[in-house]
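In UniProt numbering, the protein residues as written are 1 to 268.
Just so you know, even glycine gets a beta-carbon here, dropped at the ideal spot from N, CA and C.
Since the structure is predicted, the reported quantities are computational estimates derived from the model, not experimental observations.
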């Protein structure tokens, strides 16, 4: 068993006792229900956090999703970036035996978030660990999310793993491979990520970079621009468009992106 709880908590009031074997089993339906609630813009994320923590004793994977509340920017809903707290929850989930916690920990080591040392080798090993687990739970071909649905499906029908989390592991492995110059292998992972989750902006931006610079694919600036647009609202999109206009010598458009606040936002 492992005892986990809110960072900084101590004693019986703040700790949760978690049975390790549960981590590798199919998560309970309650987890999917909570995640669907979290996806609704008007949902109280503090209530989501409370319910995830309550579920954690029987489902350590819930702690991964608590970590995600802090890892991603949900400032408008009361949860700004807190990478240190996110990493703490990922580590608690890992200690409880949850294999998918490796994805969040890997991200922290890749980007150097939350006090984690920026170590690409460590990140690569962790992504590989997560992907090995995911390959054993591959749901096979599935219909993509309904584009017009009011609440698009977040969870794989027969595995209980959110599409975005599965895609995130591939995008992360793509990043470490891309940085190592293994562009073809990286692109395989990026395309897997976007095939699983068409909204994986992290992967789309790097696909754009590859087409802009001819890394692993023929040089195609026009295609690059389209891929960058799929990553709209991210630092990577702004960096990509800056490079696109720099190569074209269009200073006025470069200036527009130099003034974009996302350029100074953390990558994640």
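Can you tell me where the alpha helix (DSSP H) holding residue 132 begins and where it ends? 120–136
Give the C-beta separation of residue 187 and residue 207 to the nearest angstrom, bearing in mind that I take them to be a contact with Cβ-Cβ under 8 Å. 7 Å
Reference residue 215; option with closest CA among 249, 232, 180: 180
For residue 81 and residue 198, which I take to be in contact (beta-carbon distance under 8 Å), what is that distance rounded to the nearest angstrom? Their Cβ separation, rounded to whole angstroms, is 24 Å, which puts residue 81 and residue 198 out of contact at 8 Å.
Please confirm if the stretch 159–166 is in contact with the stretch 80–94, defined as three or more CB-CB distances below 8 Å between the two stretches. no
For my contact list, residue 193 and residue 210 are in at a C-beta cut-off of 8 Å; report their separation, rounded to the angstrom. That pair is no contact at about 13 Å.
Give me the Cα-Cα distance between residue 213 and residue 225, rounded to the nearest whole angstrom. 12 Å
Considering only residues of the same chain and omitting the five flanking positions on each side of residue 234, which have a CB-CB separation below 7 Å? 201, 205, 262
Taking the DSSP output, what are the residues bridged to residue 79? 74
Give every residue of the same chain whose Cβ lies closer than 7 Å to the Cβ of residue 169, excluding the five residues on either side of it in the sequence, and list them in chain order. 103, 127, 130, 131, 134
Among 222, 65, 227, 33, whose alpha-carbon lies nearest the alpha-carbon of residue 190? 227
Of all the CB atoms in chain D, is at least one closer than 9 Å to the CB of residue 215? Judged by its chain identifiers, the structure shown contains no chain D, having just a single protein chain.
Excluding five sequence neighbours on each side, which residues of the same chain lie with their C-beta closer than 6 Å to the C-beta of residue 149? For residue 149, the predicted structure reports a pLDDT of 45, less than 50, and the residue's modelled location is therefore unreliable. The matter cannot be settled from this model.
Would you grab the beta carbon distance between residue 221 and residue 244 for me? Rounded to a whole angstrom, and I think it's under 8 Å. 6 Å
Quick test of your reading: residue 108 and residue 83, contact by CB under 8 Å. State the CB separation rounded to the nearest angstrom. 7 Å
So residue 48 is in the alpha helix (DSSP H); what residue range does that whole segment cover? 45–55
Helix, strand or coil: how does DSSP classify residue 29 here? helix
Which residues bound the alpha helix (DSSP H) around residue 217? Note, residue 217: premise wrong, no alpha helix (DSSP H); not H, not E.
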